[in-house]
Amino acid sequence: MGNHHQHQLEEDLSLNDYRYLMKQTHLTPHVIQGWYREFLSICPNGHLTKSQFIKFYIQLENSSTKKVESIVEDVFQAFDRNGNHRIDFKEFLIAYALTSIGEPIDKLHYAFSLFDKDHSETIEPNEMIDLLEKLCTITGQKKLYKSSATLACDIFHTLDLDHNQLLTRDEFINGCLKNDFIRRMLSPFET
189 MGNHHQHQLE
199 EDLSLNDYRY
209 LMKQTHLTPH
219 VIQGWYREFL
229 SICPNGHLTK
239 SQFIKFYIQL
249 ENSSTKKVES
259 IVEDVFQAFD
269 RNGNHRIDFK
279 EFLIAYALTS
289 IGEPIDKLHY
299 AFSLFDKDHS
309 ETIEPNEMID
319 LLEKLCTITG
329 QKKLYKSSAT
339 LACDIFHTLD
349 LDHNQLLTRD
359 EFINGCLKND
369 FIRRMLSPFE
379 T
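Start counting the sequence shown at 189; every next residue gets the next number (the working numbering).
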């Protein structure tokens, strides 16, 4: 009897997990269950490592390996909310749902997390330049700008309201919401 209960927990989520995920993602229990089964087929232990994440993300995004690998470290770090170097199902589903079907402000919160690599709650010019280089490579927009540094400088000029060479979360999100061009450039989750 104990083994049956253990097996059932592995095959399905708890009622509390469903409630939590439904509230966070606005997905139905049926959709959540489908994602959970797919997740477990790829990582039966319930966690995605970085290499499994690359493979899974390539399938989800229909992208080439080279393009995804150039940014996967940053995406992985943003999805790994608790910082344990693994992505559990809840982290994965919430992040994927928000970045795929979420509201623009939710997508921008995740985009901010991508840029804020040192977790200082600000984006520094070098963090933006580094990620812009990767984003421009992925999106094929590299040819539109002289350099990522020039683009970062222009973005900072527009969004950095107090001109301290640091973008706060509020400056980033509010600036992106007011400027469609910058939002599309800085949020890889925008369609």
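Where a beta carbon is used, it is the ideal one built from N, C-alpha and C, also for glycine.
Secondary structure of residue i, DSSP reduced to three states
| i | result |
| --- | --- |
| residue 190 | In this prediction, residue 190 scores a pLDDT of 43, lower than 50, which makes its location untrustworthy; no coordinate-derived value is stated. |
| residue 407 | Lying before the first or after the last residue shown, residue 407 is absent from the chain, which here runs from 189 to 379. |
| residue 374 | helix |
| residue 347 | helix |
| residue 342 | helix |
| residue 236 | strand |
Inter-residue CB distance, residue i and residue j (contact presumed, cutoff 8 angstroms)
| i | j | result |
| --- | --- | --- |
| residue 209 | residue 203 | Going by Cβ atoms, the distance from residue 209 to residue 203 rounds to 11 angstroms, so no, they are not a contact pair. |
| residue 234 | residue 276 | 6 angstroms |
The ligand SAH heavy atom lying under 6 angstroms from the CB of residue i
| i | result |
| --- | --- |
| residue 213 | The ligand SAH is not part of the structure shown, which contains no ligands of any sort. |
Burial state of residue i (16 or more Cβ within 10 Å)
| i | result |
| --- | --- |
| residue 339 | buried |
| residue 303 | buried |
| residue 322 | buried |
| residue 315 | buried |
| residue 301 | buried |
| residue 268 | buried |
Continuous alpha helix (DSSP H) stretch holding residue i: start and end
| i | result |
| --- | --- |
| residue 231 | From DSSP, residue 231 is part of no alpha helix (DSSP H); its letter is neither H nor E. |
| residue 305 | Looking at the DSSP string, residue 305 is not in any alpha helix (DSSP H), and its letter there is neither H nor E. |
| residue 362 | 357-366 |
| residue 279 | 277-289 |
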